[in-house]
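Working notes, structure below.
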Amino acid sequence: MTRKLWHFPGGLHLPDNKALSNGRPSAVAAVPERLIIPLQQHIGAPAKPLVSVGEKVLKGQKLARPEGYVSAPVHASSSGTVVAIEDHPVPHPSGLSAPCIIIETDGEDRWTELTPHPDYQQLDSSELRNIIREAGIVGLGGAGFPAFIKLNPGSRTAVDALIINGAECEPYITCDDMLMRERADEVIDGVRIMRHALQAKQCLIGIEDNKPEALAAIRDALERLGEKSIEVVEVPTRYPTGGEKQLIKVLTGKEVPSQGLPIDIGIVCHNVATAASVHHAVERGEPLISRLVTISGHGAAEPQNLEVRVGTPIASLLEQAGGVKAVHYKLVMGGPMMGFELQDAKLPVIKTTNCLLLASAEDMPQRGPVRSCIRCGECAKVCPALLLPQQLYWYARARDFDKAQDYNLFDCIECGCCAYVCPSNLPLVQYYRFAKTEIWAQEREKRASDKARERHEFRVFRQEREKEERAARHKAKAKAVQGNGDEDAKKAAIQAAMERAKAKREAAGSEPKNTENLTEAQQKQIDEAEERRKASQQADAQEHAKED
Amino acid sequence: MLGAILALTALAVAFGLLLGYASVRFRVESDPIVDKVDSILPQTQCGQCGFAGCRPYAEAIASGEADINRCPPGGETVIMALADLLGVDPKPLDEEVGEEKTRMVAFIDEPICIGCTLCFQACPVDAIAGAAKQMHTIIESECTGCELCVEPCPVDCIYMIPLRESPNTWKWPFPEKEQKA
Chain A
-2 MTRKLWHFPG
8 GLHLPDNKAL
18 SNGRPSAVAA
28 VPERLIIPLQ
38 QHIGAPAKPL
48 VSVGEKVLKG
58 QKLARPEGYV
68 SAPVHASSSG
78 TVVAIEDHPV
88 PHPSGLSAPC
98 IIIETDGEDR
108 WTELTPHPDY
118 QQLDSSELRN
128 IIREAGIVGL
138 GGAGFPAFIK
148 LNPGSRTAVD
158 ALIINGAECE
168 PYITCDDMLM
178 RERADEVIDG
188 VRIMRHALQA
198 KQCLIGIEDN
208 KPEALAAIRD
218 ALERLGEKSI
228 EVVEVPTRYP
238 TGGEKQLIKV
248 LTGKEVPSQG
258 LPIDIGIVCH
268 NVATAASVHH
278 AVERGEPLIS
288 RLVTISGHGA
298 AEPQNLEVRV
308 GTPIASLLEQ
318 AGGVKAVHYK
328 LVMGGPMMGF
338 ELQDAKLPVI
348 KTTNCLLLAS
358 AEDMPQRGPV
368 RSCIRCGECA
378 KVCPALLLPQ
388 QLYWYARARD
398 FDKAQDYNLF
408 DCIECGCCAY
418 VCPSNLPLVQ
428 YYRFAKTEIW
438 AQEREKRASD
448 KARERHEFRV
458 FRQEREKEER
468 AARHKAKAKA
478 VQGNGDEDAK
488 KAAIQAAMER
498 AKAKREAAGS
508 EPKNTENLTE
518 AQQKQIDEAE
528 ERRKASQQAD
538 AQEHAKED
Chain F
203 MLGAILALTA
213 LAVAFGLLLG
223 YASVRFRVES
233 DPIVDKVDSI
243 LPQTQCGQCG
253 FAGCRPYAEA
263 IASGEADINR
273 CPPGGETVIM
283 ALADLLGVDP
293 KPLDEEVGEE
303 KTRMVAFIDE
313 PICIGCTLCF
323 QACPVDAIAG
333 AAKQMHTIIE
343 SECTGCELCV
353 EPCPVDCIYM
363 IPLRESPNTW
373 KWPFPEKEQK
383 A
């Protein structure tokens, strides 16, 4: 039975160069002396540290908890001591630093206590999501979106299809290929768990036809496990089939709406490596602390795939992969199309590091000089998102961001097809990235200025209110002192004041002392004194009355 | 003839009443142009323009009393947006009011602070936390960088420092100049 397949618009046939790194079985990278674990390796808010400097940690121990809903925890990839929690350069196009937890490993690699859930079918969807969230699993295809969120269909009760992305369309990268070949059972088990969590009606695994071994391995495993409800689909090799929206189009013919998500059309898409780590998290209780990383490119002495612990410095990894043979090379994280250059090899491997490309001139040839756009329209022909790259380019260049958004800038997946075919060598994707980050910055500023306005207005209101309150208090006091000429009110006020004073005296315990067991002479003396005081008080009162 | 005059008069009266009613019924409280101008201004509330805050400056712009080029924190972006909104020609920032600088935030050198409360009386957005004779600190996320707290500090413990860039706030640079072949 062959399934009907669709085509996405545009795309390219690229030399895949996958044979470079998929020739030998994957190996396990050694535990490095130092692990540098960034607090943010995902889309969303950075995690909050739970450990302090000097603390001993075990492998798999949670180092930082998620902050808010869209966030993910991070775990220790090996046992050791936390030596610092500080800013360290992280793999990011900016080359900037971000907070990291730095662990000196002790070489024992001792696990913390794990809680496996071997029978996932006994768990409901929200329990499974919680396990996946606590295990720090994020989309391993490259974007790093927390996986548990995509397993929560929300108000939509029915998910039509769970699509597992094994396309791996970008040249050079073979980590998903090797994973499917070597650990097909784990992938399928993870898919079953995700399917159970989503209660999806159907489940498809899409694999490009340039990976026959992976296709065979997954098919074998499905047969061996007697799993008939998961279908493997061989899709034609065409870049960027591995894009979520593109793969959905190829497999189902459905299009994800502009600026929408696959869930809007009842589809959820996950990567094969994410599936394997879901298996680890649920069946074994192991959090996401390692992943397969492809080391490739003509600059690498021994291109291969390594199972690498998150936080391993890239330099130590390259050493294990036989080092660098090229003199001039660029160190790129990701593939040649969508990857970005790293400044040095001190940076750590993070959850989303699928490939480290040691790109020599052969792999990523120097583009010729940039010329003016000749409006040939080649870019629009290859755009898989049906955008008008040329228009986007003009508007981004003119910093007319409103117009760029009118032309659906945010539907651009930055696949780089347009720049690849551009005869004028225009760095088109860089223009789009520039425009996107400028728009985000403007939105941030707008939010900040709205907040500042609100705070300023409240402050003015508060000051006004305080002033009024003060004025009202003064007025009330003045009124009480002056009275309004009414004799009775005045007397009542005096009386009230006297009573208050009396109450105060009594409260303070200053009652007349030695008033018991007095001799007659003493009593007489007291009475006289009282008489005198009363007389003088009356005189005072009369005097006051006269004055008024 | 008379009929026509009467008809037109009747119409004029009818429309006059209608307009009069509408102007009372659908009265707009604040000047919408002031709101629009105010929404463009950066809300630093720094007073560098010579007015007591962004809103008073917006009111002055709307009434034509002030020029559009007197907001140094907003810089060129704000001048362009205001020119666009008001249909006037953009002009360079008035040198009298200062120059465009990078975004800064205030920082209190806490060991030096004596807890005098003068700075948070000056802060237009309540971005300083503290109490009398207690150490004060800046709430960085709320600080607009207006510098109004720097002057009143009797022990000079407030500095302006540039806003730290993180990977989340970083912007891709504009692609390098295209070389002509």
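From first to last, the protein sequence lines are chains A and F. First residue of the first sequence: -2, per the working numbering; consecutive thereafter. First residue of the second sequence: 203, per the working numbering; consecutive thereafter. Note that CB positions come from ideal geometry on N, CA and C, so glycine has one too.
Shown in chain order are the members of the stretch 67 to 97 of chain A whose Cβ falls below 8 Å from a Cβ of chain F: V87, H89, P90, S91, L93 and A95. Here N268/A carries a strand assignment [DSSP, helix/strand/coil].
Taking C-beta separations shorter than 7 Å and ignoring five residues to either side along the sequence, the partners of Q247/F in its chain run G255, C256, P326, V327, T346 and C348, following chain order.
Not a single C-beta of chain A is nearer than 9 Å to the C-beta of K238/F. Where V188/A is concerned, there is no enclosing beta strand (DSSP E), although the alpha helix (DSSP H) around it starts and stops at A181 to L195. The alpha carbon of V79/A has as its nearest neighbour, out of I436/A, P22/A, C97/A and W108/A, the alpha carbon of C97/A.
Taking C-alpha positions only, K251/A is separated from K238/F by approximately 42 Å. Under DSSP, R470/A shares a beta bridge with no residue. Assigned with DSSP and collapsed to three states, H85/A falls in strand. Between the stretch 374 to 394 of chain A and the stretch 440 to 447 of chain A, the count of Cβ pairs shorter than 8 Å is below three; the stretches do not touch. One alpha carbon belongs to G289/F, the other to I270/F, and they sit about 11 Å apart.
Between the alpha carbons of I410/A and V418/A lies a distance of about 16 Å.
Closest in C-alpha terms to E179/A, from the list N268/A, N19/A and Q38/A, comes N19/A. For G205/F, there is no enclosing beta strand (DSSP E); the residue is part of the alpha helix (DSSP H) that begins and ends at L204 to R227. Listed by position along chain F, the residues whose Cβ is nearer than 9 Å to that of T350/A form an empty set, because the closest Cβ is around 15 Å away. Against chain A, the beta carbon of T346/F has neighbours under 7 Å at A449, listed in chain order. Interface criterion not met: the Cβ of Q363/A is under 9 Å from no Cβ in chain F.
Residue burial is scored here from C-beta neighbours: Q534/A has fewer than 16 other C-beta atoms within 10 angstroms and is therefore classed as exposed. The beta carbon of G187/A is closer than 6 Å to those of A272, A273, V275 and H276 in its chain, skipping five residues each way along the sequence. Residues of the stretch 275 to 290 of chain A with a C-beta less than 7 Å from any C-beta of chain F: none at all. Cβ contact annotation for D399/A (same chain, cutoff 6 Å, sequence separation greater than five): none. Runs of the alpha helix (DSSP H) lying entirely within the stretch 324 to 406 of chain A, each at least 4 residues long, are 375 to 379, 386 to 394 and 398 to 403 in chain order. Nearest C-alpha to H89/A among G205/F, E367/F and T211/F: E367/F. The beta carbon of Q250/F does not come within 9 Å of any beta carbon belonging to chain A, so the residue lies off that interface. The contact set of D328/F on chain A, defined by CB atoms closer than 8 Å, consists of R452, F455 and R456 in chain order. Under the Cβ distance rule, T319/F does not count among the residues neighbouring chain A, no pair being separated by less than 9 Å. Leaving aside the five residues that flank A69/A on each side, the residues in its chain whose CB is nearer than 6 Å to its CB run, in chain order, H39, P63, G133, V135 and P143. Taking 9 Å as the CB threshold, K293/F stays off the interface with chain A. Sequence-distant Cβ neighbours of I146/A in its own chain, meaning closer than 7 Å and more than five residues away, are V67.
At a Cβ-Cβ threshold of 9 Å, G151/A and K208/A do not count as neighbours. For A61/A, no chain F residue has a C-beta closer than 7 Å to its own C-beta; the minimum C-beta separation is roughly 16 Å. The DSSP-derived three-state label of A308/F is strand. Close partners of G255/F in chain A (Cβ separation under 9 Å): H453 and V457.
Closest in C-alpha terms to A73/A, from the list E52/A, R462/A, Q58/A and W108/A, comes Q58/A.
By the criterion of at least three beta-carbon pairs nearer than 8 Å, the stretch 3 to 12 of chain A is not in contact with the stretch 289 to 308 of chain A. Straight-line spacing of the CA atoms in M282/F and K476/A works out to 56 Å.
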